[in-house]
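**Student:** Next up is a structure, given as structure tokens.
Protein chains: 2
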Amino acid sequence: MRIGELSRRTGVSVPTIKYYVREGLLPPGELTSPNQASYGEAHERRLRLIRALLDVGGLKVAEIADVLAAVDDRERPLHTVLGAAADRLGGADAEDDDAEAAAARAAVADLLSRRGWVTYESSPAAADLARALAAMARLGHGAFVEVLDDYADAAEQVARTDLAYVDRQVAVEDMVEGAVIGTVLGEAVLSSLRRMAHVDASARRYGADGPRERKRPPHGHAAHRERGKS
Amino acid sequence: MRIGELSRRTGVSVPTIKYYVREGLLPPGELTSPNQASYGEAHERRLRLIRALLDVGGLKVAEIADVLAAVDDRERPLHTVLGAAADRLGGADAEDDDAEAAAARAAVADLLSRRGWVTYESSPAAADLARALAAMARLGHGAFVEVLDDYADAAEQVARTDLAYVDRQVAVEDMVEGAVIGTVLGEAVLSSLRRMAHVDASARRYGADGPRERKRPPHGHAAHRERGKS
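Put into structure tokens, the structure is as follows:
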């Protein structure tokens, strides 16, 4: 198909498609004349993947280029491709150096050895976990590490579901690409489900309509902004 | 304490503290002389919360202002405060209008009624979920809805853990603030754990060292970028 048809089918504008080709995200079309290129199903599919990683996964164009290069590198073991995709979901690089940060890193190491999880070198996910736990500890929520195994149970359950799903898809399409889709889009799925489950659990426990006065201990802050309920 | 001491204790610079006060994120200190304000424990704690939402949660300053206003609004039911925090974790506003988007919205409505989840009006989490499912369907992963209940089980487990944790904290500090911390920082915890559980499950199933050739069916893309393994 021509580039205009590819644009129509995917909803991605022609200049954007050309930009993705220039940036190496999308392979160039096959030249059918000096000024005309032809695109196939693989291009359409790759374009949809790029848009999903961009729009739903929140990845940047340069990050997508890295993930796709990992997908296309046939020599690369699957779990390091998953790592390349997953690491794009991580937070900042800043490493704190206080007591809470050290304790959090120790808690993460304990968790990994307790659960016997295989990790790969310099896992950004472990650093992200330590950063979140340290931030909680600084807010007086150091006890959160005590429920970490409940979280890890849930994470394992989701990982099992994902791997079983990826296995099922082998005959249908590229398993590696499917795994990347699952890593990035599955993140959005789990995040939105968790938010809904919170609202449900909270409404059931504390009531959907009543004010929270009864349940809420007094605290020091006055409302410091005039603001309607949004 | 003076602003310099507050800065030293929290690692937040004096100009940044003043900026947070101007933006309404932090209540002003108590004036002890025309040019001097005094800050207390509540300020220190609020500053740490702001930094955690910013650095770990990835929220923007304006979003934090909204979340803190909801926290400080004592009349507001807890589950809508949770909603205000959770909605900041959501994706774009764009609503697609194709067959996949309609099917995904129907799948979300089915899920909610099947599980009997209480939701609140115009839940952005439900819209985010539909958007992720529609993106998957466009990539040929429409069958992912079949494993959605496994994800929902994991989300419920995490929500139960969080609520139990919040309950436990009532005597120690503000439950509402604790719930917001759990919503935003717990997201980072679950995300990093899921990424590690993926790597573990994948390494166990497909091998940590071997190339993936055997397991990977042929596909149409040539590696379109020269790039070392990173």
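The listed protein sequences correspond, in order, to chains X and B.
full-length UniProt numbering applies: residue 1 is where the first sequence begins, and numbers increase by one.
full-length UniProt numbering applies: residue 1 is where the second sequence begins, and numbers increase by one.
The C-beta atom is built at its ideal place from N, Cα and C for all residues, glycine as well.
This one's a predicted model, so the numbers in the text were calculated from it and none came from an experiment.
1. For a contact defined as C-beta to C-beta under 7 Å, what are the partners of residue 48 of chain X on chain B?
2. Taking contact to mean 3 or more Cβ pairs, one atom from each stretch, closer than 8 Å, check whether the segment 184-195 of chain B and the segment 122-136 of chain X are in contact.
3. Give the DSSP-derived three-state secondary structure of residue 219 of chain X in the structure shown.
4. With 9 Å as the C-beta to C-beta threshold (strictly closer), list the residues of the segment 189-205 of chain X near chain B in chain order.
5. Based on Cα-Cα distance, which residue from X:159, X:203, X:152 and X:48 lies nearest to residue 157 of chain B?
6. To the nearest angstrom, how far is it from the Cα of residue 173 of chain B to the Cα of residue 183 of chain X?
7. Is it the case that the Cβ atoms of residue 147 of chain X and residue 133 of chain X are separated by a distance below 9 Å?
8. For a contact meaning CB atoms closer than 7 Å, what does residue 118 of chain B contact in chain X?
9. At 3 residues or longer, and completely inside the UniProt domain "HTH merR-type" (1-70) of chain B: list those beta strand (DSSP E) runs for me, N to C.
10. Does any residue of chain B have a CB that is nearer than 9 Å to the CB of residue 183 of chain X?
11. Using Cβ-Cβ distances below 9 Å, what residues of the segment 142-163 of chain X are close to chain B?
12. Could you name the residues of the same chain whose beta carbon sits closer than 7 Å to that of residue 185 of chain X, not counting the 5 residues immediately before and after it, in chain order?
13. By the three-class DSSP mapping on this structure, what secondary structure does residue 172 of chain B have?
14. Taking the C-alpha atoms as reference points, what is the distance between residue 61 of chain X and residue 138 of chain X?
15. If we define contact as Cβ-Cβ less than 9 Å, is residue 173 of chain X a contact residue for chain B?
16. Return the residue from the list X:5, X:13 and X:136 that minimises the CA-CA distance to residue 101 of chain X.
17. Please report how far the alpha carbon of residue 63 of chain X lies from the alpha carbon of residue 74 of chain X, in whole angstroms.
18. Leaving out five residues on either side along the sequence, give the residues of the same chain with a beta carbon under 6 Å from the beta carbon of residue 165 of chain X.
19. My output table needs one value for residue 118 of chain X: the three-state DSSP class, helix, strand or coil.
20. Is it the case that the Cβ atoms of residue 47 of chain B and residue 10 of chain B are separated by a distance below 9 Å?
21. Say whether chain X places a C-beta atom closer than 9 Å to the C-beta of residue 178 of chain B.
22. Give the residues of chain X in contact with residue 56 of chain B, contact being defined as C-beta atoms less than 7 Å apart.
23. Does the distance from the C-beta atom of residue 1 of chain X to that of residue 117 of chain B stay below 9 Å?
24. Can you tell me whether residue 106 of chain B is buried or exposed, with buried defined as 16 or more other CB within 10 angstroms of its CB?
25. At the level of alpha carbons, what is the spacing between residue 29 of chain X and residue 161 of chain X?
26. Any beta carbon from chain X within less than 9 Å of residue 168 of chain B's own beta carbon?
27. Does residue 110 of chain B come within less than 9 Å of chain X when only Cβ atoms are used?
**Tutor:** On the basis of the data shown:
1. Under the 7 Å cutoff, chain B gives 138 and 139.
2. Cβ pair count under 8 Å is three or more, so yes.
3. Per-residue confidence for residue 219 of chain X stands at a pLDDT of 43, beneath the threshold of 50, marking its modelled position as unreliable; no derived number is given.
4. Within the segment 189-205 of chain X, the qualifying residues are 189, 190, 191, 192, 193, 194, 195, 196, 197, 198, 199, 200, 201, 202, 203, 204 and 205.
5. With distances taken between Cα atoms, residue 157 of chain B lies closest to X:152.
6. Because residue 173 of chain B carries a pLDDT of 46, less than 50, the predicted location of this residue cannot be relied on, and the following value inherits that uncertainty. Taking the straight line joining both Cα atoms gives about 36 Å.
7. With respect to residue 133 of chain X, residue 147 of chain X sits apart: the two C-beta atoms are not nearer than 9 Å.
8. Chain-order list of chain X residues neighbouring residue 118 of chain B: 199, 200, 203, 204 and 208, by C-beta distance under 7 Å.
9. Secondary structure within the UniProt domain "HTH merR-type" (1-70) of chain B: the beta strand (DSSP E) runs of 3 or more consecutive residues, fully enclosed, are 30-33 and 36-38 (chain order).
10. Answer yes: the Cβ-Cβ gap between residue 183 of chain X and chain B drops below 9 Å somewhere.
11. If the cut-off is 9 Å between Cβ atoms, the segment 142-163 of chain X has 143, 144, 146, 147, 148, 150, 151, 152, 153, 154, 155, 156, 157, 158, 159, 160, 161, 162 and 163 near chain B.
12. Apart from the 5 residues on each side of it in sequence, residue 185 of chain X sits with its Cβ closer than 7 Å to the Cβ of 52, 56 and 57 in its chain, given in chain order.
13. With a pLDDT of 41 at residue 172 of chain B, under the threshold of 50, the modelled position of this residue cannot be trusted; read the value that follows with caution. Here residue 172 of chain B sits in coil by DSSP.
14. Rounded to whole angstroms, the gap between the alpha carbons of residue 61 of chain X and residue 138 of chain X is 34 Å.
15. In this prediction, residue 173 of chain X scores a pLDDT of 46, lower than 50, which makes its location untrustworthy; the coordinate-derived value is nonetheless stated afterwards. At a cut-off of 9 Å between beta-carbon atoms, residue 173 of chain X makes contact with chain B.
16. The candidate whose alpha carbon is nearest that of residue 101 of chain X is X:136.
17. Answer to the nearest angstrom: the Cα atoms are 19 Å apart.
18. Result list for residue 165 of chain X: empty, nothing under 6 Å.
19. Reduced to three states, the DSSP call for residue 118 of chain X is coil.
20. Going by C-beta atoms, residue 47 of chain B is nearer than 9 Å to residue 10 of chain B.
21. So yes, residue 178 of chain B belongs to the interface.
22. Within 7 Å Cβ-Cβ: 91, 131, 132 and 135.
23. The Cβ atoms of residue 1 of chain X and residue 117 of chain B do not sit closer than 9 Å to each other.
24. Around the CB of residue 106 of chain B, fewer than 16 other CB atoms lie within 10 Å, so the residue is classed as exposed.
25. Taken atom to atom, the span from the alpha-carbon of residue 29 of chain X to that of residue 161 of chain X is near 36 Å.
26. By this cut-off, residue 168 of chain B is an interface position.
27. No, because no Cβ of chain X sits closer than 9 Å to the Cβ of residue 110 of chain B.
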